[in-house]
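Protein chains in written order, with the UniProt record's numbering: chain A, 1 to 367; chain B, 1 to 367. A virtual CB, placed ideally from N, CA and C, is assigned to each residue, including glycine. Comments concern the structure below.
Number of protein chains: 2
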Amino acid sequence: MTHARLTPLAQSLPATVPFVGPETQERARGAGFAARLGANESVFGPSPEALKAMAASHHWMYGDPESHDLRAALAAHHGCAPENIMVGEGIDGLLGYLVRLTVGPGDAVVTSAGAYPTFNYHVAGFGGDLHAVPYAGDFEDPAALFAKAAEVDAKLVYLANPDNPMGSHHSGADLARAMDALPKDTLLVLDEAYVDCAPEGTALPLPVDDPRVIRMRTFSKAYGLAGARVGYALGHPDLITAFHKVRNHFGMNRAAQAGAMAALADRDHLAHVLDQIAQARSRIAQIARDNGLTPLPSATNFVTIDCGADGTFAKAVLDALIARGIFVRMPFVAPQNRCIRVGCGLPADLDALATALPQALAEAKRG
Amino acid sequence: MTHARLTPLAQSLPATVPFVGPETQERARGAGFAARLGANESVFGPSPEALKAMAASHHWMYGDPESHDLRAALAAHHGCAPENIMVGEGIDGLLGYLVRLTVGPGDAVVTSAGAYPTFNYHVAGFGGDLHAVPYAGDFEDPAALFAKAAEVDAKLVYLANPDNPMGSHHSGADLARAMDALPKDTLLVLDEAYVDCAPEGTALPLPVDDPRVIRMRTFSKAYGLAGARVGYALGHPDLITAFHKVRNHFGMNRAAQAGAMAALADRDHLAHVLDQIAQARSRIAQIARDNGLTPLPSATNFVTIDCGADGTFAKAVLDALIARGIFVRMPFVAPQNRCIRVGCGLPADLDALATALPQALAEAKRG
């Protein structure tokens with residue numbers, strides 16, 4: 001009876017979770033993970049200033065629905081106006097609002113096969129028709145994405161740069177050039193969640209006002225505040241303003257707003273974290289090579305490791321790591337699913353990985 | 001050009017904010033408020049245990065997308081199963097998901113004229129057709145609401161008990177009896193945000209499994225955690241499960257999950273707050289009477305004060321209070337808008353109110 005109350009679209013949707021959380025896996029195995037390296041979080045943590053700001057927050061007050069002060073700080077940081085910025089409950093929340101604003105039943109949307117599943121979840125959730133193009137090797141393929149967008153008259157095309165789950169990236173200049181082929185009625189959703197971890201020149205070098213693109217950024221990765229849920233979109237003011245039509249105006253955690261501001265201001269901590277990330281990437285790559293595996297170059301806070309065979313084998317390696325208390329994840333589709341994805345960790349986390357990986361490989365090879 | 005990318009429904013929606021936040025008003029007036037009594041927050045604050053739990057949270061980790069531990073604690077508290085509970089980003093967030101699940105373009109929804117505008121915002125946002133029935137005096141009118149629901153074949157009917165903005169309440173038993181007239185295809189959305197502040201017997205005394213109703217609860221009021229954004233829905237498992245189809249699975253702030261659990265466990269603090277609320281209600285009522293105004297009985301953490309004339313006069317009183325640094329709000333529609341709504345405050349807050357109210361009344365009478 002309850003089910004009959006749902007809209008036809010809601011009835012057609014699965015009750016799904018795009019990612020199973022590590023806590024769910026811990027409950028299932030009856031033990032915690034020794035190393036939490038699977039969710040692309042930042043084990044290096046947020047700025048101590050962010051911790052202080054969150055602790056000093058008046059939790060009894062609702063957050064400012066305009067996120068005025070945070071938007072002002074972000075505008076100063078990016079050299080744009082606050083009107084170019086929408087703060088939301090993580091990039092996931094902002095992607096949901098964006099899809100709701102632009103995609104109706106039957107509208108075409110384009111992404112890469114094996115790219116961010118939460119974006120796909122939102123597209124399905126509003127009845128959109130998702131078209132996926134293959135990666136070109138271990139890279140998302142802007143030319144193919146934009147060609148498909150033209151072919152299907154897409155409302156949105158999603159591209160993550162740097163890419164998750166492969167860790168690869170394009171230079172911002174190359175991407176800007178590729179956008180010459182972006183159809184004029186297609187909006188590029190450029191997910192730059194990992195751009196803070198990427199080489200100089202990865203961020204798209206176009207004005208924030210460019211109406212062809214909306215960029216997504218987050219405090220969940222390099223800034224170490226995944227638990228706080230603070231993402232933001234950068235874009236043309238007309239599009240940014242449209243979020244007010246549908247968003248949960250009082251959805252932002254007040255302490256998180258304050259924590260994000262403090263994190264943004266602490267450039268020394270960010271530099272420290274980026275140094276830690278660089279060291280961890282090198283160590284993970286070395287651990288992979290020590291075990292005869294191939295680490296892919298990474299522009300992110302994780303390293304994707306080619307296990308040298310197919311998805312079944314990589315899954316066996318992953319399962320054997322998880323059984324040994326090492327939480328990692330892996331790509332969803334072939335051929336990327338020949339890999340596992342290992343987040344940057346503290347030395348102790350990577351020691352645990354170094355111990356577990358040869359055992360996991362041996363177990364996977366036994367089959 | 002950007003605008004043309006929006007769906008027809010999104011194009012039709014205004015870029016609105018259901019409530020202007022106090023920070024916006026502070027920026028406009030160039031000064032902070034001396035007393036923040038307008039947003040139905042709890043100036044008495046959360047449990048010290050909640051503060052400790054939030055400070056101890058690992059902010060670098062995403063929150064558990066299942067809110068497993070919090071749901072288990074809530075299930076124990078309510079004597080139901082975790083499957084009866086959905087945790088979300090405040091009641092506002094949960095109302096948005098619920099409307100999305102059940103209301104499509106042209107579907108009828110019923111509420112009271114002057115009831116919670118954020119619910120109306122969500123209904124409009126999904127193209128629903130909202131029908132409003134008048135209050136009966138200062139009370140929402142279940143019989144009239146359910147009769148209108150039958151007349152228009154409503155998918156949802158919204159009722160807050162206790163009511164905001166009037167502070168009135170029905171006994172749960174009366175409401176349960178009134179539900180005999182609820183149409184079988186209409187779901188009752190029972191907003192019990194203020195029920196923790198209400199007399200014994202206000203909560204609906206029906207099993208949580210009853211498929212005719214979904215109940216909304218929050219940590220934003222008596223528990224003093226408005227800034228944390230933690231609400232939950234209680235309902236039939238089929239309906240609760242449906243939220244997984246559309247929600248932002250990783251939308252919950254991790255520290256907020258921990259804070260809510262600690263707040264729930266600290267019954268002494270809740271009792272202390274309820275005592276403070278009772279004292280503050282009495283004092284606000286006395287201040288109103290001292291100024292020749294009529295305080296309405298309150299089952300909430302605010303007192304609605306009848307200013308004795310029309311909406312124009314009450315608005316003049318409100319503006320004069322705001323000009324004196326007292327943040328309060330008022331009902332939106334006649335005849336409720338003859339009132340102002342004053343949140344429970346600390347003694348110093350109410351001292352400020354006692355000083356400002358006679359001045360504000362004098363100013364309003366001068367016109």
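So is residue i buried or exposed if we call it buried at 16+ other beta carbons inside 10 Å?
i                      : result
residue 369 of chain A : This structure cannot settle anything about residue 369 of chain A, because the visible part of chain A is limited to 1 through 367.
P82 of chain B         : buried
T118 of chain A        : buried
G63 of chain B         : buried
E151 of chain A        : exposed
M1 of chain A          : Residue confidence is low: M1 of chain A scores 44 on pLDDT, short of 50, so the model does not pin down where it sits. No coordinate-derived value is stated.
H170 of chain B        : buried
S220 of chain B        : buried
Q279 of chain A        : exposed
A198 of chain A        : buried
S282 of chain B        : exposed
G227 of chain A        : buried
R177 of chain A        : exposed
K148 of chain B        : buried
E200 of chain B        : exposed
L357 of chain A        : buried
Check whether the Cβ atoms of residue i and residue j sit closer than 8 Å, and answer yes or no.
i                      : j               : result
A352 of chain B        : A28 of chain B  : no
Y121 of chain A        : T16 of chain A  : yes
G104 of chain A        : A299 of chain A : no
G172 of chain A        : L204 of chain A : yes
A242 of chain A        : H59 of chain A  : no
G311 of chain B        : A334 of chain B : yes
D92 of chain B         : N248 of chain A : yes
D107 of chain A        : G125 of chain A : no
V195 of chain B        : T202 of chain B : yes
P162 of chain A        : R341 of chain A : no
residue 375 of chain B : L182 of chain B : Since the displayed chain B opens at 1 and closes at 367, residue 375 of chain B lies outside it and no answer follows.
A76 of chain B         : I85 of chain B  : no
A31 of chain A         : G325 of chain A : yes
L234 of chain B        : V273 of chain B : no
A154 of chain B        : V109 of chain B : yes
L175 of chain A        : P142 of chain A : yes
A193 of chain B        : M179 of chain B : no
Which residues in chain B sit within 7 Å of residue i, going by Cβ to Cβ distance?
i               : result
H58 of chain A  : G227
E41 of chain A  : W60, M61, Y62
P65 of chain A  : V17, G21
K315 of chain A : Within chain B, no residue comes near K315 of chain A; the closest Cβ sits about 22 Å away, beyond 7 Å.
Using a Cβ cut-off of 8 Å, pull out every chain B residue sitting near residue i, in sequence order please.
i              : result
S47 of chain A : The contacting residues do not exist; S47 of chain A stays about 10 Å from chain B at best.
Check the C-beta distance from residue i over to residue j and give it rounded, since I have them as a contact under 8 Å.
i               : j               : result
E89 of chain B  : G90 of chain A  : Between G90 of chain A and E89 of chain B the Cβ distance is about 10 Å, and since that is not below 8 Å, they are no contact.
K9 of chain B   : T102 of chain B : The sequence shown places Leu at residue 9 of chain B, rather than the Lys named in the question. The pair is not a contact, with the Cβ atoms about 16 Å apart (cut-off 8 Å).
L156 of chain A : V189 of chain A : 5 Å
A55 of chain A  : A55 of chain B  : 5 Å
G21 of chain B  : V328 of chain B : In fact, because the Cβ distance is near 14 Å, the residues do not count as touching under 8 Å.
T111 of chain A : Y158 of chain A : 4 Å
Can we count residue i as close to the ligand COA, meaning its CB is less than 7 Å from some heavy atom?
i              : result
A28 of chain A : Ligands displayed in this structure: none; no statement on the ligand COA is therefore possible.
Closer than 7 Å by beta-carbon distance: list the chain A residues that pair up with residue i, in chain order.
i                      : result
residue 396 of chain B : No answer is possible for residue 396 of chain B: it lies beyond the span of chain B, which begins at 1 and ends at 367.
N253 of chain B        : G227, A228, R229, N253, A256
H272 of chain B        : Correct list: empty, because the minimum Cβ distance to chain A is about 14 Å.
K365 of chain B        : Here the premise fails: no neighbours, minimum Cβ distance about 32 Å.
For residue i, which residues in chain A fall below 8 Å Cβ to Cβ?
i               : result
N248 of chain B : E89, G90, D92, G93, G96
R283 of chain B : Per Cβ cutoff of 8 Å: no residues; R283 of chain B is ~19 Å from chain A at best.
R36 of chain B  : M61
T102 of chain B : R5, L6, T7, A10
H68 of chain B  : E23, T24, R27
K148 of chain B : Near K148 of chain B there are no residues of chain A at all, since even the closest Cβ is about 18 Å away, more than 8 Å.
Could you tell me whether any Cβ in chain D is nearer than 8 Å to the Cβ of residue i?
i               : result
G167 of chain A : In the displayed structure, chain D is absent; the protein chains listed are A and B.
For a contact meaning CB atoms closer than 9 Å, what does residue i contact in chain A?
i               : result
V208 of chain B : Per Cβ cutoff of 9 Å: no residues; V208 of chain B is ~13 Å from chain A at best.
G224 of chain B : H59, W60
List, in order along the chain, the chain B residues whose C-beta lies closer than 9 Å to that of residue i?
i              : result
A55 of chain A : L51, M54, A55
* Asked: Using a Cβ cut-off of 8 Å, which residues of the region 322-340 of chain B contact any Cβ in chain A, in chain order?
  -> So nothing in the stretch comes that close.
* Which residues, in chain order, does the region 297-308 of chain A contribute to contact with chain B at a C-beta distance below 7 Å? -> From the region 297-308 of chain A, no residue has a Cβ closer than 7 Å to chain B.
* To do: Quick one: which residues of the region 73-98 of chain B get their C-beta closer than 7 Å to a C-beta of chain A? List them in chain order.
  => E89, G90, D92, G93, G96
* Identify each residue in the region 111-145 of chain B for which the Cβ-Cβ distance to at least one residue of chain A is less than 7 Å, and report them in chain order. => G125
* Of the residues that make up the region 15-31 of chain A, which ones have a beta carbon closer than 9 Å to any beta carbon in chain B? -> A15, T16, V17, P18, F19, V20, G21, P22, E23, T24, R27
* To do: Taking only beta carbons into account, state which residues of the region 151-163 of chain B come closer than 8 Å to chain A, listed in chain order.
  => K155
* To do: Taking a Cβ distance cut-off of 9 Å, strictly less, list which residues of the region 171-195 of chain A are near chain B, in chain order.
  => K184, D185, T186, L187
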